[in-house]
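The sequence shown begins at 1 in full-length UniProt numbering and counts up by one.
Ideal Cβ placement from N, Cα and C applies to all residues, glycine included.
Computed from a predicted structure; not experimentally measured.
Accompanying notes for the structure given below.
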Amino acid sequence: MAPPSVFQRILDYSNRADPYPLYAELRKTPVRREEDGTYVVSGYEEIVSLLHDPCVSVGRPQPGEPQDAAKEPPSFIRLDPPEHDRLRRVAMRHFGPPHSPHRVDSLRPELLEIIMDLIDSMAGRTRIDIVDDIAYPFPVTVICRILGVPREDEAGFHDWADAVIESLDPREEGRQERLRRRENARVELHRYLGRIAAERRKNPGDDLISGLVADEGPDGAMSPTEVAANGTLLLIAGHETTVNLITNGMLTLLRHPELLDRLHHEPDLAIGLVEELLRYEPPVHLRSTRIALEDIKIGGITIPKGAPIVLALAAGSRDPEHVPDPDRFDPDRRPNQHLGFGGGIHYCFGAPLARLEAQIALTELARRLQNPRLVTDPPPYRPSPELRGPRHLLLDIDGVT
Ligand code: HEM
């Protein structure tokens with residue numbers, strides 16, 4: 001049997017805690033064909049070029065995915081133009097820039113209040129879990145409020161959201177089972193959001209779902225299924241990602257105590273710090289949803305029409321051809337162009353919110369946790385190589401101020 005390729009070793013769980021040396025090996029061939037015909041792209045320039053290439057589609061079923069998946073109600077992360085652009089524009093009108101540039105920043109006091117409550121509730125404890133106590137409940141509470149989804153219902157949709165996220169795992173083993181679980185979860189989530197949308201149509205509120213169901217703007221209204229599908233996307237897109245950004249942030253700060261101390265005294269550091277985290281320890285490592293619509297010449301080879309493409313975003317953000325001294329964590333790095341939020345037409349829709357959430361969470365944790373210490377380093381990781389992050393991050397503390 002052939003030895004595992006570098007990419008297969010990246011997918012292997014035993015390398016989850018530190019995949020970065022393998023990414024360096026992968027980048028020696030920035031566009032590399034795997035034995036099964038998948039093309040793995042790891043150079044910064046090559047990834048950026050494919051993110052902007054109209055010959056790269058996200059709209060086709062992936063290998064192993066049911067052929068009728070394309071007929072499922074679409075959310076814009078899995079649609080090509082022009083449908084992608086129409087639905088993204090409608091959602092954007094109710095969410096953030098450019099149409100309502102102050103919308104996200106106006107959430108700052110509310111976000112601060114939520115994080116303060118979460119930190120207050122840890123009073124009296126000497127051991128905490130950054131994931132379960134802060135990094136998970138914080139973004140989930142925020143997105144529920146923005147969408148107008150009752151926070152109490154989270155217990156109900158938590159497992160469905162997990163199933164959708166697990167299905168992003170590109171590994172072969174268990175794939176069919178993950179896809180089956182995802183289909184069930186997607187149906188349940190669409191049903192749930194569909195009920196909320198119908199209710200908001202009758203009794204509109206000040207939330208995003210109410211905005212979407214009432215929108216009669218230049219792009220026309222979203223259909224009820226489109227509201228359910230895209231509401232589901234927004235509900236879960238920030239789940240695991242922001243959780244991992246906050247958790248990776250705390251882990252990195254505890255590995256660089258001088259920066260934790262600096263953030264404590266210099267809260268403005270949070271802006272550059274979060275940007276550098278998105279480059280150096282990003283939540284999204286791989287994107288494996290793309291297919292070549294035509295032959296594409298790139299990195300000295302041709303990706304043939306119909307081939308699946310994996311974009312190794314985290315490898316691209318540490319490409320020494322693009323960024324000097326890429327393995328050094330430096331929150332003062334300027335400029336800092338990274339692939340943490342992707343690029344091109346699918347650039348992260350929630351980026352302004354995710355940035356603000358992570359800045360606020362890390363600043364308040366640095367300010368209020370007394371003498372935090374890591375219990376285990378490295379911490380236990382979740383299985384996914386695509387959305388990579390710790391399952392728990394246990395800290396011992398002397399208390400909270
Ligand atoms: C797309 C990362 C938080 C909503 C993306 C993409 C990345 C990403 C890499 C591009 C996917 C691709 O090209 O295939 C992240 C990270 C986050 C985060 C690292 C947190 C730290 C959020 C939040 C929301 C959100 C909070 C929603 C409120 C979306 C949506 C898309 C997207 C809707 C699809 C955009 C499109 O297809 O046009 N995100 N995300 N994300 N993200 Fe995020």
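Measure the alpha-carbon distance for residue i versus residue j and round it to whole angstroms.
| i | j | result |
| --- | --- | --- |
| Leu189 | Arg182 | 10 Å |
| Pro204 | Asp80 | 31 Å |
| Arg127 | Leu212 | 42 Å |
| Ile397 | Gln370 | 6 Å |
| Gly249 | Val274 | 8 Å |
| Thr141 | Lys28 | 42 Å |
| Arg328 | Glu281 | 11 Å |
| Ser5 | Tyr23 | 12 Å |
| Leu107 | Glu216 | 25 Å |
| Tyr20 | Ala354 | 24 Å |
| Gly37 | Gly194 | 39 Å |
| His267 | Thr252 | The sequence as given places Pro at residue 267; His does not occur at that position. About 16 Å. |
| Pro326 | Arg382 | 25 Å |
| Ile301 | Arg33 | 9 Å |
| Thr242 | Phe341 | 11 Å |
| Leu112 | Leu26 | 41 Å |
| Lys202 | Asp153 | 20 Å |
| Asp53 | Ile143 | 31 Å |
| His158 | Arg178 | 16 Å |
| Pro304 | Ile296 | 6 Å |
| Pro395 | Asp133 | A small fix is needed here, since residue 395 is Leu in this sequence, not Pro. When rounded, the distance between both Cα atoms is 11 Å. |
| Pro98 | His265 | Per-residue confidence for Pro98 stands at a pLDDT of 41, beneath the threshold of 50, marking its modelled position as unreliable; no derived number is given. |
Just tell me which of the options has its CA closest to the CA of residue i.
| i | options | result |
| --- | --- | --- |
| Asp120 | Arg367, Pro304, Val41, Ala2 | Arg367 |
| Ala198 | Phe138, Arg318, Arg86, Pro224 | Pro224 |
| Pro170 | Arg290, Leu254, Val56, Arg89 | Arg290 |
| Ile209 | Ala315, Thr232, Leu112 | Thr232 |
| Glu46 | Pro379, Thr363, Pro372, His322 | His322 |
| Arg125 | Ile143, Glu34, Pro372, Pro379 | Pro372 |
| Asp219 | Ala292, Met1, Ala91, Gly43 | Ala91 |
| Gln8 | Glu177, Ala123, Glu172 | Glu172 |
| Val40 | Cys55, Ile10, Met116 | Ile10 |
| Asn15 | Asp117, Pro380, Arg255, Pro283 | Pro380 |
| Val56 | Ala292, Leu395, Leu87 | Ala292 |
Do residue i and residue j have their CB atoms nearer than 8 Å?
| i | j | result |
| --- | --- | --- |
| Leu393 | Val31 | no |
| Ile271 | Gln359 | yes |
| Leu269 | Arg262 | yes |
| Glu386 | Ser288 | yes |
| Leu311 | Leu234 | no |
| Ile165 | His239 | yes |
| Leu168 | Ser317 | no |
| Val149 | Ile114 | no |
| His94 | Ile345 | no |
| Lys75 | Asn230 | Looking at the sequence itself, residue 75 is Ser, so the reference to Lys does not match. Yes. |
| Gly343 | Leu51 | yes |
| Ala17 | Pro378 | yes |
| His285 | Ala307 | no |
| Met116 | Glu357 | no |
| Leu118 | Leu254 | no |
| Leu87 | Met222 | yes |
| Asp319 | Tyr44 | yes |
My understanding is that residue i touches residue j, with C-beta atoms under 8 Å, so please give their C-beta distance in whole angstroms.
| i | j | result |
| --- | --- | --- |
| Phe138 | Ala361 | 6 Å |
| Pro331 | Glu294 | So it is not a contact: roughly 41 Å between Cβ atoms. |
| Ala123 | Trp160 | The Cβ separation is near 33 Å, so there is no contact. |
- Return the chain-ordered ranges of every alpha helix (DSSP H) run that is complete within the stretch 168-205 and spans a minimum of 4 residues. Listed in chain order, they are 175-202.
- Task: Starting from the N-terminal side, write out each stretch of the beta strand (DSSP E) that is 3 residues or longer and does not extend beyond the stretch 78-137.
- Result: As far as the stretch 78-137 is concerned, its whole beta strand (DSSP E) runs of at least 3 residues are 127-129.
- Item | Any beta strand (DSSP E) of 3 or more consecutive residues that is wholly inside the stretch 313-360 | Secondary structure within the stretch 313-360: not one fully enclosed beta strand (DSSP E) run of 3 or more consecutive residues is present.
- Taking only runs that begin and end inside the stretch 242-269, name each unbroken alpha helix (DSSP H) of 4 or more residues, in chain order. Taking 4 residues as the minimum length, the alpha helix (DSSP H) runs contained wholly in the stretch 242-269 are 257-265, in order along the chain.
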